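Asker: Structure incoming, see below.
In structure tokens:
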């Protein structure tokens with residue numbers, strides 16, 4: 143159980159390390175795309191600001207042109223049906239310029255209905271002459287909110303009025319506020335203001351309140367007002383992510399005195415794509431587990447194949463190895479010499495000392511074979527006390543020398559508790575061109591029995607002489 147836990151812990155560690163490496167490479171190569179996706183969301187806001195900036199400029203110029211064109215002329219007071227007028231006090235009489243601008247705005251709102259219908263912003267004209275608000279939309283606005291629209295303190299606090307800013311800030315006819323909470327809707331808002339002049343006198347400003355909640359990427363963001371030299375900044379950052387100071391920064395310059403800065407934390411890219419890391423870990427863990435299971439199955443199969451092809455008593459090969467396809471390749475590419483071996487007098491040992499000593503004799507032969515031949519040679523117990531040696535890339539002469547050395551080693555080395563000695567007989571052959579393995583074994587076998595008969599005659603002659 144403990145070994146299994148250790149194994150799977152190691153596999154998990156490998157999967158985790160490789161997943162982190164792959165994840166790091168993926169993040170490195172996809173950073174530009176991830177950042178670009180965030181910047182594309184930011185551009186929705188900046189494009190809106192740019193569009194409204196142009197709209198305010200055009201409206202301001204048109205209002206001024208109408209004021210200039212109607213200077214000194216009688217203008218009827220018409221109803222303002224496209225929106226609503228909010229009054230600072232009980233004086234509801236419109237000034238001459240307010241009548242002109244009201245009539246002009248009525249026509250503009252009629253020709254551009256989206257100014258009224260789009261919920262993401264609110265367009266209005268603020269008259270400093272008669273202290274009135276001409277809004278393209280109708281709201282239920284308390285009197286104190288109307289009064290705060292003309293308050294110097296309120297305007298300076300958020301920079302959402304053109305009247306109280308310096309002439310330098312109005313050089314491009316645009317004032318951009320800090321992010322503030324709209325007193326009517328309660329939403330985070332940016333106000334763009336453009337002054338309207340009658341000659342050299344500012345009589346009002348045309349404004350658009352942009353409600354930031356309508357831009358999805360801004361949800362859960364924090365707005366920080368800052369200064370960079372003479373330039374005001376609104377920094378948009380996400381406090382949900384750690385290490386927020388380490389971030390990509392996208393700048394959008396509204397004018398010479400104001401810019402938005404959108405910070406995209408490095409940690410956001412990591413956290414938002416952490417599912418990929420988890421997925422990689424899960425996939426690689428699964429793959430590694432399956433590979434480990436496959437490895438175990440292969441090892442078991444290999445052991446089973448070895449067990450099938452190994453002799454149980456001696457540990458060397460049995461005759462099954464002769465079916466190995468590698469032997470065919472070796473025979474064709476390297477050539478092969480064959481030694482056939484047979485133990486002498488094993489029946490006598492069995493009858494005299496018992497079969498267990500006979501087994502020791504067989505093991506003794508196999509041990510000496512292992513000591514005298516290469517690891518690349520095939521050592522085979524073909525049955526009883528019969529053995530076979532296949533020597534890849536070995537000449538017949540060398541094979542004979544090796545067989546003779548083996549015979550000397552077996553004869554000179556005692557075995558068992560009784561310190562018995564024994565001899566072997568052998569035959570050597572080499573596979574000829576167009577030959578097969580069985581033919582070579584048969585030739586070596588014939589030479590083996592010739593060797594045995596020769597030894598038998600020698601023993602018989604010796605016995606006769608002694609008799």
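In my numbering, the protein residues as written are 143 to 609.
Note that the Cβ used here is the ideal one computed from N, Cα and C, for glycine as well.
Quick caveat, the model's predicted, so the values are computed rather than measured.
For the beta strand (DSSP E) that contains residue 217, what are its first and last residues?
Answerer: Taking the chain shown and counting its residues from 1, the one referred to as residue 217 is at position 75. Where residue 217 is concerned, there is no enclosing beta strand (DSSP E), given that its DSSP letter is neither H nor E.
Asker: May I have the straight-line CA-CA distance separating residue 483 from residue 440, to the nearest angstrom?
Answerer: The sequence position of residue 483 within the chain shown is 341, counting from 1. The sequence position of residue 440 within the chain shown is 298, counting from 1. One C-alpha to the other measures close to 34 Å.
Asker: With distances taken Cα to Cα, identify the nearest neighbour of residue 227 among 249, 242, 277, 254.
Answerer: Counted from its first residue, the chain shown places residue 227 at position 85. Nearest option by C-alpha distance: 277.
Asker: What would DSSP say about residue 222, mapped onto helix, strand or coil?
Answerer: By one-based count along the chain shown, residue 222 stands at place 80. Coil at residue 222, not helix or strand.
Asker: Going by the beta-carbon positions, is the gap between residue 521 and residue 509 smaller than 8 Å?
Answerer: Position 379 of the chain shown, counted from the start, is the residue given in the question as residue 521. Position 367 of the chain shown, counted from the start, is the residue given in the question as residue 509. Not closer than 8 Å, so no.
Asker: Taking Cβ positions, are residue 199 and residue 352 nearer each other than 8 Å?
Answerer: Position 57 of the chain shown, counted from the start, is the residue given in the question as residue 199. Position 210 of the chain shown, counted from the start, is the residue given in the question as residue 352. No, the pair does not count as a contact, with Cβ atoms beyond the cut-off.
Asker: Which residue's Cα is closest to the Cα of residue 564: 570, 556, 571?
Answerer: Counted from its first residue, the chain shown places residue 564 at position 422. For the residues 570, 556, 571, the minimum Cα distance to residue 564 belongs to 556.
Asker: Apart from the five residues on each side of it in sequence, which residues of its chain come closer than 7 Å, Cβ to Cβ, to residue 451?
Answerer: As a first step, residue 451 must be located in the chain shown, where it is residue number 309. Correct list, in chain order: 459, 460, 462, 463.
Asker: In chain order, what residues of the same chain have a beta carbon less than 7 Å from the beta carbon of residue 266, not counting five sequence neighbours either side?
Answerer: Your numbering for residue 266 matches position 124 in the chain shown. Shown here for residue 266: same chain residues with a beta carbon closer than 7 Å to its own, the five before and five after excluded, namely 275, 276, 277, 278, 349 in chain order.
Asker: Kindly indicate the opening and closing residues of the alpha helix (DSSP H) around residue 339.
Answerer: Position 197 of the chain shown, counted from the start, is the residue given in the question as residue 339. Premise fails: residue 339 lies in the beta strand (DSSP E), 330-340, not in any alpha helix (DSSP H).
Asker: What residue ranges within the segment 253-309 form continuous beta strand (DSSP E) runs of no fewer than 3 residues, ordered along the chain?
Answerer: For secondary structure counted as the beta strand (DSSP E) over 3 or more consecutive residues, the segment 253-309 holds these complete runs in sequence order: 263-269, 274-277.
Asker: Can you tell me which residues form a DSSP beta bridge with residue 391?
Answerer: The sequence position of residue 391 within the chain shown is 249, counting from 1. Paired residue(s): 405.
Asker: What is the DSSP secondary structure of residue 461, reduced to helix, strand or coil?
Answerer: The residue you call residue 461 lines up with position 319 of the chain shown. When secondary structure is reduced to three states using DSSP, residue 461 falls in the helix class.
Asker: For residue 180, collect the residues of the same chain with a Cβ closer than 6 Å to its Cβ; drop the 5 residues on either side in sequence, then sort them by chain order.
Answerer: One-based indexing of the chain shown puts residue 180 at position 38. Here the set comprises 406.
Asker: Would you mind stating whether residue 479 and residue 538 have Cβ atoms separated by less than 8 Å?
Answerer: Working through the chain shown from its first residue, we reach residue 479 at position 337. Working through the chain shown from its first residue, we reach residue 538 at position 396. Closer than 8 Å, so yes.
Asker: Going along the chain, which unbroken runs of the beta strand (DSSP E) with 3 or more residues stay wholly within the segment 510-551?
Answerer: 520-525, 528-534
Asker: Under the three-state reduction of DSSP, which class applies to residue 326: helix, strand or coil?
Answerer: Translated into positions along the chain shown, residue 326 becomes position 184. Three-state result, residue 326: coil.
Asker: Excluding five sequence neighbours on each side, which residues of the same chain lie with their C-beta closer than 7 Å to the C-beta of residue 165?
Answerer: Here residue 165 corresponds to residue number 23 of the chain shown, with the count starting at 1. Same-chain partners within the cutoff: 418, 419, 422.
Asker: Is the number of C-beta pairs between the segment 320-339 and the segment 299-308 that are closer than 8 Å three or more?
Answerer: Yes, the segment 320-339 is in contact with the segment 299-308.
Asker: How would you label residue 410, buried or exposed, when you count the other beta carbons within 10 angstroms and need 16 or more for buried?
Answerer: Along the chain shown, read from residue 1 onward, the residue named residue 410 stands at position 268. Buried, by the Cβ-count rule.
Asker: Alpha carbon to alpha carbon, what distance is there between residue 290 and residue 232?
Answerer: By 1-based counting over the chain shown, the position of residue 232 is 90. By 1-based counting over the chain shown, the position of residue 290 is 148. Answer to the nearest angstrom: the Cα atoms are 16 Å apart.
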